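Residue numbers (this note's numbering), protein chains in the order written: chain A, 1 to 219; chain L, 1001 to 1219; chain P, 2001 to 2219; chain Z, 3001 to 3219.
Backbone N, C-alpha and C fix where the C-beta goes; we use that ideal spot for every residue, glycine too.
Predicted, not measured: the structure shown is a model, and the values here were computed from it.
Number of protein chains: 4
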Amino acid sequence: MSVTPPPSRLRSLKAVLPSSAVPDGTRRRILEAALQLFASRGFHGASIRDLATALELRPSALYAHFPSKEHVLAELVRMGHEAHHEGLRTALLGAGSEPIEQLRALVRAHTLLHANHPQLAVVVNEEIHVLPPELAAPSLALREQSAALLHAVIERGRAQGVFSVPHAGVTAAAISTLGLRLPYWYEPSAALDVDMLADLHVELSLRMLGVQGPPAPVS
Amino acid sequence: MSVTPPPSRLRSLKAVLPSSAVPDGTRRRILEAALQLFASRGFHGASIRDLATALELRPSALYAHFPSKEHVLAELVRMGHEAHHEGLRTALLGAGSEPIEQLRALVRAHTLLHANHPQLAVVVNEEIHVLPPELAAPSLALREQSAALLHAVIERGRAQGVFSVPHAGVTAAAISTLGLRLPYWYEPSAALDVDMLADLHVELSLRMLGVQGPPAPVS
Amino acid sequence: MSVTPPPSRLRSLKAVLPSSAVPDGTRRRILEAALQLFASRGFHGASIRDLATALELRPSALYAHFPSKEHVLAELVRMGHEAHHEGLRTALLGAGSEPIEQLRALVRAHTLLHANHPQLAVVVNEEIHVLPPELAAPSLALREQSAALLHAVIERGRAQGVFSVPHAGVTAAAISTLGLRLPYWYEPSAALDVDMLADLHVELSLRMLGVQGPPAPVS
Amino acid sequence: MSVTPPPSRLRSLKAVLPSSAVPDGTRRRILEAALQLFASRGFHGASIRDLATALELRPSALYAHFPSKEHVLAELVRMGHEAHHEGLRTALLGAGSEPIEQLRALVRAHTLLHANHPQLAVVVNEEIHVLPPELAAPSLALREQSAALLHAVIERGRAQGVFSVPHAGVTAAAISTLGLRLPYWYEPSAALDVDMLADLHVELSLRMLGVQGPPAPVS
DNA sequence: GATGAATGAGTGTTCATTCAT
DNA sequence: CATGAATGAACACTCATTCAT
């Protein structure tokens, strides 16, 4: 009966995998289409038939590449967490030893990842809970490692007296959150491109950490 | 057949409706059970049968109270937005005319609502997208009004020179976001109760707005 | 493509449940239709859709009465074993204390049950192996009790010297087997009705046990 | 996904083809693995994928050797019936002209075949019904010829007055049945090896035919 | 001979919903 | 108000089989 399109929580941008690790071919196409569908309708809201239709394949063909729908999600979630963790780690490595520079690098990378891969960010954060524990575990481990990177930088900055913060945990959560909600409202534009956005998030983070930034430009 | 419990994205606290507007009775019990289920498994992940089972009722009995599963969600989403909007409006009314006091009031109310009603916050933010436009519209309108309250305060503060901010929109988004992710990590405790949390969010918000707070206490 | 009817291992007699314990209604109709289908095509060869079609129902309607296809089979297998065990026990109770009379009663009951309920005999014996252990267990327990009845009679007869047998176990198996293959070749007729058949099996059993019967009639 | 092994109706002995007519190679390996699987799970319960997995092959590889799954079964059924018929014929040829000796030979051969090739016995008897008539026909013809051999011996013995039997058909069925259920309970052991079993079946058959055997040994 | 990718039909089962009682 | 029985569509997934390589 229904001819109206199903509701979607994200604009239908082309979904882009962050990793070059997945070789071209049907497997990659499945992951990309699934990323798009899971991001816009949720794991339970997107059926294997929807996925097959989007790929111009028959549902059964998917099972030559993944043992189950859950495994497709698990792979996306794993890739998302790895790209995120790798992005943070690489940023930190190029940032010298100053806590302020390290924080700049982390926040910038965090924001760029979420702004450039909004679908993956959504899937990773909203759908990981449908995975059974054994499929979610590797990603949850990575997540903790990534959180630890931020915490360590904040603690070092505090120890050195460059950060001044009422509550390290809540502040760290606030800084993380800056990126996590991006996919729901941000869309790159000339007036606010990803680079400017990253700069703004860096500035806001430093303010929360009690670091006096340069004088704020007019809006 | 399945023995293992389905994965859940939230701890299974007792779900609590914010409003006294719903009279006791089966209708209220349905809303409370649905809130719990939709929050922990998502709208598509929780079936009418699950809901009926949780209520010790037969699925068909629910249709005497709501015309469809979607209408149950719509009602929750509406209540959530109304409670939120009402909470912000009330806070603002009691806050005097100073932008700093107004912002304090808004952030405090925003944080308390999300900390005290985590299930409703999750359902309102993650599941509204499954509603067809006509059911989602009233809530989306309220949401814009609530956002406008925050924007107006920030703009007034800026005009009066008490807020100094690199980008009003991004900063407003950052402040809103502070509350939205709470349900995923925050749990009230003696070491960090909801009141302290609200104070911390106020402090972080003011810092982002360039307002020098009191000297930060250690940890 | 295929328009030819699926192969069947049994003639399509009306399947008859042995028990009056199942009340009339859809549940009973399902059991009867399943008995017919499982007997003629095997559990795996008969689909839920076949069953629903035979009942002029939609497949989903079956799940209001049984939680799974396996549970339908399990119920049939249980009923078959209970009817069998009950039949043997009742026969034995009315047979006095003479081993020969007791054996007569057991063989007669065993044969009548298999001859009168060929579908149930086939399902019970050929399909029980598809049940998971927990569903098969009660029936397997009954089966052992039934076997024990026959063994006990043979042993008592041997102890009293009225039976003379080269190997009790093999002979007991041979007597049991007399009934088990009946559904594959026997069809009641005026020339060989179930009563005559039971008499013949009694005679053959006694001969195997070394008991001199009455002079054999000419074919 | 399933971790528990599928239920099986036969112990997982190594399945052994009776015939040296099948040359070594993949075709023979397929037949042996199929024999094992069809015997333990039934034709419909064992998939081409199961078969390929057991052979460490891909499903498509099987189609270079057999045109369909049904043809694999048909070949097994044909081989089983030929081995059986050949076994009976050979036994009869070496048995002289006395009905008693002929019957001894037939029963002995029948029992040895079923005891030594339980999987084939099960497949031949329980799965032939899934074959379409044209694939089953040759085997059914052989089956009738084998039955005719037994009937002929019984009739000659009756005509000569050495057998005395209440009903030739029922008695012949009883004698045949002796072998058919063997795979479900018999396992060769030192206490009851196949040779002893064959002797016992000969003895039981002769008793059913009214021939006084040697005095029965104790147990 | 064997493979990997695909197909089309079909599997058992669950879905939200209806309706007579 | 609530139930039990039913529906029709959809679900994730498996089936035997094909075919280009």
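- Flagged as an interface residue toward chain P: V3170(Z), by a C-beta distance shorter than 8 Å.
- With a beta-carbon spacing of about 14 Å, S1146(L) and L1178(L) fall beyond the 8 Å limit used to define contacts.
- Inclusion of L3055(Z) and R3028(Z) in the CB contact set at 8 Å is not warranted, their separation being larger than that value.
- In this structure, P118(A) is the residue among I154(A), I100(A), P118(A) with its C-alpha nearest to the C-alpha of A39(A).
- One thing to note: V3072(Z) has its Cβ no nearer than 8 Å to the Cβ of I3128(Z).
- Excluding its 5 nearest sequence neighbours in each direction, L3010(Z) has C-beta neighbours in its own chain below 7 Å: A3039, S3040, P3118, Q3119, V3122, P3183, listed in chain order.
- Contacts with chain A (Cβ-Cβ distance below 9 Å) from the stretch 1141 to 1171 of chain L involve R1158, S1164, V1165, P1166, H1167, A1168, G1169, V1170, T1171, listed in chain order.
- In the three-state reduction of the DSSP assignment, Y2063(P) falls in the coil class, being assigned neither a helical nor a strand state.
- DSSP places F43(A) outside any alpha helix (DSSP H), giving it a letter other than H or E.
- Shortest Cα-Cα distance from L2200(P) to any of R2104(P), H2065(P), W2185(P) involves R2104(P).
- Listed along chain Z are P3006, P3007, R3009, R3041, G3042, G3045, each with a C-beta nearer than 9 Å to that of V2130(P).
- The beta carbon of T177(A) falls within 8 Å of a beta carbon belonging to chain L, placing the residue at that interface.
- Contact holds between the stretch 2146 to 2159 of chain P and the stretch 2094 to 2111 of chain P, because three or more Cβ pairs, one in each stretch, are under 8 Å apart.
- In terms of beta-carbon proximity, A15(A) stays away from the interface with chain L, with every pair separated by 8 Å or more.
- Separation of the CB atoms of F1163(L) and L1131(L) is rounded to 35 Å, and the pair is thereby denied contact status at 8 Å.
- Non-local beta-carbon contacts of H2114(P) in its own chain, meaning distances under 6 Å to residues more than five positions away in sequence, involve A2121, G2179, L2182 in chain order.
- Unbroken alpha helix (DSSP H) runs of no fewer than 4 residues, entirely contained in the stretch 2060 to 2139 of chain P, are found at 2069 to 2093, 2099 to 2116, 2118 to 2126, following chain order.
- Annotation for S1008(L): S1040, R1041 place their beta carbon closer than 7 Å to its own, counting only its chain and skipping 5 residues before and after.
- With fewer than 16 neighbouring CB atoms inside 10 Å of its own CB, P67(A) falls in the exposed class.
- Taking a C-beta distance under 8 Å as the contact criterion, I3100(Z) and V3211(Z) qualify as a contact pair.
- Within 10 angstroms of the beta-carbon of E1203(L) lie 16 or more other beta-carbons, which makes it buried.
- Nearest CB-CB separation between L3092(Z) and chain P: not below the 8 Å threshold.
- The closest CA to that of A2074(P), considering only W2185(P), N2125(P), K2014(P), A2168(P), is found on N2125(P).
- For the set E3144(Z), A3136(Z), P3138(Z), the Cα lying nearest the Cα of L3088(Z) is the one of E3144(Z).
- With a contact defined as Cβ atoms closer than 8 Å, A3083(Z) and P3018(Z) qualify at about 4 Å.
- In the three-state reduction of the DSSP assignment, D2050(P) falls in the helix class, which pools H, G and I.
- Against L2180(P), the close residues of chain Z are T3177, R3181, in the order they occur along the chain (beta-carbon pairs closer than 8 Å).
- With respect to the 8 Å criterion, D1050(L) and L1037(L) are classified as neighbours on the basis of their beta carbons.
- Rounded to the nearest angstrom, the gap between the Cα atoms of Y3186(Z) and L2142(P) is 20 Å.
- Nearest neighbour of S3097(Z) by Cα position, chosen from H3065(Z), A3052(Z), R3156(Z), turns out to be R3156(Z).
- In this structure, DSSP gives Q3160(Z) a state outside helix and strand, which the three-state scheme calls coil.
- With a threshold of 8 Å between beta carbons, A3174(Z) makes contact with chain P.
- Neighbourhood of R27(A) in chain L, by CB distance below 7 Å: empty, with the nearest CB roughly 25 Å away.
- Interface annotation, L3204(Z): in contact with chain P, CB-CB separation under 8 Å.
- Chain-order list of chain A residues neighbouring R1104(L): empty, with the shortest C-beta distance near 15 Å, by a criterion of under 9 Å.
- Counting only the Cα atoms, A64(A) lies some 24 Å from P138(A).
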